[in-house]
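Engineer: If you're matching them up, the sequences are chains A and B in order. Residue 522 in the working numbering sits at position 106 of the first sequence, and the numbers go up by one each step. Residue 643 in the working numbering sits at position 495 of the second sequence, and the numbers go up by one each step. Yeah, the Cβ is synthetic: ideal placement off N, Cα and C, and Gly gets one too. Model, not experiment: these values are computed from the prediction.
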Amino acid sequence: MTLYQFAIGLAMTPTNLESLATPVTPPKSTFSPYSLVKELSDGSMRGIGAPIATWHWGVLKRPMRNQLRTFCPGASAEVYIRTYTKDNNGAPKYYKCQMFWPVEDEETYATRAVDFKIEFRQLVLQVDP
Amino acid sequence: MTVYVPTANELLYLRTDGQFSKLYLAFPQPAIVFKARVNNPAVGTDMQTSIIWDTNGMTPHGVYTDILPDMTLLVGTVEGGRDLGIARIRKTCTATKLYIGEESEVKLADNVFLTVIDEYGLWPRHKYVKAGASHQDFMDFDVTYTTQHETLDPVPILGPDRVLWYQGTLAAHPGNSISTQFDASESYCLSSAGAKTYLWTAATGTIDDNTIANPTIHFHSTGTHRVSCRVTIAAKPFTGYRTVMVYDDTFQPIKDFKLISCTGDYEMGGWSFKVSMYDNADLALVVDRAKVMLFARDWYGDITNLTSTAISFDAATKRILKASGLSIFTKGMTIKVSGSANNNGEYIVVVSNDAYLTVDKVLVDESAGASMTIQVLRGQTEISIGQIVGCENIISSGWISQENLNMDIHGGTAEFTVQGPQYWLGQMQGFISGLIHSETAPTEWNYMLDLTVDKGLWDLLHWRSTATRVIDCFLTGDVKLIPTMESNSVGSLWEQLKGQAWETILATPCCDRYGRLFIEISGQLIPIGDRSFTNVMTIEAYDRTDEITVERITVKPVGAVDLTGVWFDGVTGYALRALANGHMVSRYGYVEAMDKVLMEDQAHANELASLLYAQKNNEYPSISINILENLRLVDICPTQQVTIVTDTDTNPREIEISNLSFPRRITFLFSEVSKSISVQLDAEPEVTTVGLSITGKIPIVKDDPTDYPYTDWEIPVYPPWPPLPPWPLPPIPVYQDPATCQDIHTGPYYAIWDRTYINGDSDAITRTAKIWFNCVVRNDTAANPTFLAFTVNAVDVVCTTRIHVYAVDASGVELSESNSVYVDTFDGTSYRMIAVFNANTLNYNVAGFQLVMDEGWSAVGPAFDQTLHGSGFAATALEDPAHNCFATVTDAGTVTVIDPNQLEIKWAGNSIAESGIYGDTWYSAGILFNAHIHLAAGGHSKIWAYAKMKLWGGIEGVSGPLIADPGPDGFDMCFPQVDGSMNVQGNTYSADIGEVSADTPFTGGWRAGSLQSTTDNPCTRGQLLYVEGTLILIASNDQPTPLNAGLGNVEIYNVCPAV
């Protein structure tokens, strides 16, 4: 029984993080519907760019971190995710997107990654499978 | 050609949130058509036009019959290599030869590798002028004139190259395909409006119907595909080629790059972009000067919505109900309901069905009846919006022009600048272009039947480059006849194109983002009543961000427009002149003078002058805005407008701006943060009101120069006009008082003849060249007389004697003829000539100078037959019995005809006379020559003949051998052994036999040389050696090949220029 609906995978039907071969603890997440927002000449605002989502763990065990690494062996990879949005009380939705592995040195403590954050960009909404 | 106007839905997309794009670069990889090696140990590298080939140990690849004109030939040291150069195939090849555009750049050598690839690029095609007096012209080295300027080749308009992206894997199933539709219906032919037929080919695709104008072509594989269409109009075919790139999920374009800039500029004539690549940029993939297409996959916000009075809500099942049509909302979408009494709000679709949507939140029961709207929120739709159907995804295209490498330990980057056709045509030097109107079918390349500006421009694009082969070329549509079309100077093809278009009808060439060429008259110069521009879109305040920047002109840069030109009816030119803003120059601004402009009538001249004046003084020449949208609908050409709404914007000056504007500069900005495209647009507001423009008076010059400067511009009644001078019209004369012109050395002042050549044809226009240079001239009695120094590239120095130089007044009337025109120097190619003036008065005003060639300086065409009879030479010594001089004819000489189609005939002879042994006396020898001129039927009305020869000789010394130093030209030498010298009676014989209308024997006179020994030495002997001579025949009037004399710059000395 999974607690949350975070999912990730390389195909249209991503796997719940808690159901991966090495289950991963559900992260704290953020969701921005646009990359940035700019003011228009009539005083209104326009959201520009694709949505951005982040998954953040204060502490992530090394095996879980390695499990996530299988989806993004390089600096970035195209993946499918399900993550929570701001819409409708944050209902989760499916997206195809670019997963960015953190460039900064990972803070480690013993066998744990500390303050670990993965960013997903260019989120394109997918029809629920 | 029509400008696309977006649909209402497309405007909605443009204004949605969440727009973003993924950018890609497509590098076409043309297929190899044929491989071979050079088979010629003696192959050269200079002026190569063909290559002998064999396969010499290679595995054969392709057959030579697959090679098509204008394909690209690579030459390399390895198979497939291009390290030795690139050339263009210029015509059908043979089993032993490849024919290439004339080249000196390719390093050909025996056995190097030749690879013909299926690539068609922009190349210059050189005009070839056969050496010799006939100056026969060829295009592309050996294309002779037949009827090319009477029935013109059509221009295929096929649309731009394409980039297609198959969602999935194209090769996964045999039935998978992706298609695109081409449209060649706008193809045209300038000499015929007849029916068009089409023949499309796509060797790597399938075509539904290859004989219609707009077939759909299906592709079943990824990669580079070539599509061609042969358009035939009035039995004249011509084939255009385009490239289609096909990608899918497994074969992907380059995406590892950053877009640094992407700008289209009307003034620059087109588009360019710059990218930085950090991977996939090796030399094999991204070859030098590679063709590149920058394209995008674009996402806009989802605009799906439904408004209906049939929508109801069911609380129990959480369903939104409607009889049908709800399946446009799919599972997972966030939708917004509005117009409902109880259920307005946002929901997520959990189940989608055509008759109902199950949503994630509780609903309240509500019956249908109210007009309710369901719309999608924060969804995205992949769609590209652009000007050309099928090419919306292309942002810009061109060829790599510049490369900067940043090398570092991390792998570095390579920056590439990609330029459109305008840049590349600007890099190609072209032989200077010139065409002459013809009322009848032309017989040579220099003439065009019913010459119009478009025909002249077409000739440049079609015969002097491969532009019509590879890009769409749209011309002005102007149908006015024009007497001549010529480039003002040697320059690039683009410069010639710009110059010819602007100087004739004020048109400007410009290339759009796709590389299509448009030559159009600027919208600002279209008569207001004739204007009908497409307003692409209204740019509202909510389309823009940041501030509007406006340039406001408060001091007029142009004080007056003085426009002169001509209306040409095919035979005669009629001078027109218009002045805007009236006779008086404005308080500020310079006088913009333009001449030679082609006009319809005086009313057109007046309107054009006022439009020019208004445009030059546009109060708001530029308005700059930033558009926060992926707006690729607007381009710098073809002519189009946008409406810029500025209602919500204010300024401290409380100035309002006209909203209709012409886009002049567009920059696409790609945000690496948001991955979104926005636009910077600089536009030129349309001028819709014009000022006064009046008919200008054609200036005249009074007989008595002391009357100047005359001030009677406002004489109400002019005497009857004399016949108007032919084109071109002079500028306004501004004279100086001759008395104030001091007799001091001045200059040189540099000027350029208004023609690049003159000839002795019967056409007075081509026999005359002018420069307009208002000044006071001093005659040759002054201490510093006025003289002109100018260069002439003539076939022979004799021809320079047929040039006359005149000072002229502002009407072109000859005031005085130069009393001395002579060759100053000869550099082996050109003659530098000097002309000095004479007149009754010491100082006098002139408006300029003109060269006039005698009618008759023309080459004899191929129809002319001439022979020198073999027995025509005779040699006789002029004996002096008193001194026992004698002569012996040792050889009558032989005649060598260099070219029976040319005028120049050379002959050579040996010793013809040997004189006696007495010194201290004169003795002479000479030759007599005879020629027989045979006129073909319908021959020429005038023929002049000139002969010149060199006589060489020497005097034998007492004990020494014969001194046979020929000297430079004649006998002007002395011989130290015998204190002898030769006295030359003139080293050139010439005769003018004047008009000849029938076969005529032509008997030249004696050419004699004399020897004199200053000492009486009985042992001295002399000898005259006649070694060469030249006979030049000059015919006139009806010559098919006028003999051009190229004109260089003019230096004017010792004048007082007008202030």
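So if I threshold CB-CB distances at 7 Å, which residues from the stretch 447-466 of chain A count as touching chain B?
Structural biologist: P449, Y450, S451, L452, K454, E455, L456, S457, D458, S460, R462, G463, I464, G465 and A466
Engineer: Which residues does DSSP list as the beta-bridge partners of R725(B)?
Structural biologist: T712(B)
Engineer: Please list, in chain order, the chain B residues whose beta carbon lies closer than 7 Å to that of K509(A).
Structural biologist: Neighbours of K509(A) on chain B, chain order: G480.
Engineer: Does the beta carbon of D165(B) sit closer than 8 Å to a beta carbon anywhere in chain A?
Structural biologist: yes
Engineer: By the three-class DSSP mapping on this structure, what secondary structure does K646(B) have?
Structural biologist: helix
Engineer: In whole angstroms, what separates the C-alpha of A1093(B) from that of T244(B)?
Structural biologist: Low local confidence applies: a pLDDT of 43 at A1093(B) is under 50, so the model's placement there is unreliable, with the coordinate-based value given in what follows. Distance between the alpha carbons of A1093(B) and T244(B) is about 46 Å.
Engineer: Straight-line CA distance for E668(B) to S841(B)?
Structural biologist: 23 Å
Engineer: Where DSSP assigns a beta bridge to F997(B), which residues make up the other side?
Structural biologist: Per DSSP, I919(B) and A955(B).
Engineer: Jot down the residue ranges of each uninterrupted alpha helix (DSSP H) in the stretch 741-823 of chain B, minimum 4 residues, whole runs only, in chain order.
Structural biologist: Taking only runs of at least 4 residues, the alpha helix (DSSP H) segments lying wholly in the stretch 741-823 of chain B are 750-764.
Engineer: Would you list the residues sitting across from Q315(B) in a DSSP beta bridge?
Structural biologist: DSSP output for Q315(B) lists no bridge partner at all.
Engineer: Kindly indicate if chain A contains any beta-carbon less than 8 Å away from that of L162(B).
Structural biologist: It does not: the Cβ of L162(B) has no partner Cβ on chain A nearer than 8 Å.
Engineer: Below 8 Å between beta carbons: does that hold for T616(B) and V601(B)?
Structural biologist: no
Engineer: What does the alpha-carbon distance come out to for the pair G976(B) and E748(B)?
Structural biologist: So the two alpha carbons sit approximately 46 Å from each other.
Engineer: Is P272(B) buried or exposed, if buried means 16 or more other CB atoms sit within 10 Å of its CB?
Structural biologist: buried
Engineer: Does the Cβ of P1149(B) have 16 or more other Cβ atoms within 10 Å, making it buried, or fewer, making it exposed?
Structural biologist: Low local confidence applies: a pLDDT of 44 at P1149(B) is under 50, so the model's placement there is unreliable, and no value is given.
Engineer: Between which two residues does the beta strand (DSSP E) carrying H610(B) extend?
Structural biologist: Element bounds for H610(B): not the beta strand (DSSP E) but the alpha helix (DSSP H), V601 to W611.
Engineer: Can you find a CB in chain A that lies within less than 8 Å of the CB of F168(B)?
Structural biologist: yes
Engineer: So, at 8 Å on beta carbons, what are the nonlocal neighbours of L629(B) in its own chain, with the 5 sequence-adjacent residues on each side left out?
Structural biologist: Answer for L629(B): H585, D598, L599, T600, F716, D717 and G718, listed in chain order.
Engineer: Taking 8 Å as the cut-off, does the stretch 365-373 of chain B touch the stretch 385-403 of chain B (at least 3 CB pairs, one atom from each stretch)?
Structural biologist: Counting Cβ pairs under 8 Å, three or more are found: they touch.
Engineer: Residues in the same chain with beta-carbon distance under 8 Å from T164(B), minus the five sequence neighbours each way, listed in chain order, please.
Structural biologist: Y448, G449, D450 and I451
Engineer: Could one say the Cβ of Q538(A) lies closer than 8 Å to chain B's Cβ atoms, at least one of them?
Structural biologist: Taking Cβ atoms only, chain B reaches closer than 8 Å to Q538(A), which makes this a yes.
Engineer: Cutting at 7 Å between CB atoms, please list the residues of its own chain near S456(B), excluding the five before and the five after it.
Structural biologist: K470 and M520
Engineer: Indicate the three-state DSSP secondary structure (helix, strand or coil) for G353(B) in the structure shown.
Structural biologist: strand
Engineer: In chain A, which residues lie with their C-beta within 8 Å of the C-beta of W447(B)?
Structural biologist: A466 and V540
Engineer: Between the Cα of S826(B) and those of T693(B), A728(B), A930(B) and F935(B), spot the shortest distance and give me the residue it belongs to.
Structural biologist: T693(B)
Engineer: According to a CB-to-CB cut-off of less than 8 Å, which residues of the stretch 756-771 of chain B neighbour chain C?
Structural biologist: Protein chains A and B are contained in the structure displayed, whereas chain C is not.
Engineer: Only counting the same chain, and skipping five residues up and downstream in sequence, which positions put a Cβ closer than 8 Å to that of T317(B)?
Structural biologist: Excluding sequence neighbours, T317(B) sits near N324, D396, D397 and T398.
Engineer: Quick one: give me the first and last residue of the beta strand (DSSP E) that W471(A) is part of.
Structural biologist: I468 to K477
Engineer: Just checking: is the beta-carbon of R780(B) within a distance shorter than 8 Å of some beta-carbon in chain A?
Structural biologist: no
Engineer: Roughly how many angstroms separate the alpha carbons of T418(A) and S435(A), rounded to a whole number?
Structural biologist: 7 Å
Engineer: Please name the residue or residues paired with Y832(B) in a DSSP beta bridge.
Structural biologist: Residue identity check: residue 832(B) is Glu in the sequence provided, not Tyr. According to DSSP, E832(B) shares a beta bridge with F810(B).
Engineer: Starting from Y690(B), trace the alpha helix (DSSP H) both ways and give me its first and last residue.
Structural biologist: First-last for Y690(B): undefined, no H or E at that position.
Engineer: By the three-class DSSP mapping on this structure, what secondary structure does T398(B) have?
Structural biologist: Here T398(B) sits in coil by DSSP.
Engineer: Taking W419(B) as part of the beta strand (DSSP E), name the residues at either end of that continuous run.
Structural biologist: Residues G418 to M425.
Engineer: Return the CA-CA distance between T1136(B) and N922(B), expressed in angstroms with no decimal places.
Structural biologist: Reliability fails at T1136(B), whose pLDDT of 34 lies under 50, so the model's placement of it is uncertain and no value is given.
Engineer: Under 8 Å between the Cβ atoms of N204(B) and R185(B)?
Structural biologist: yes
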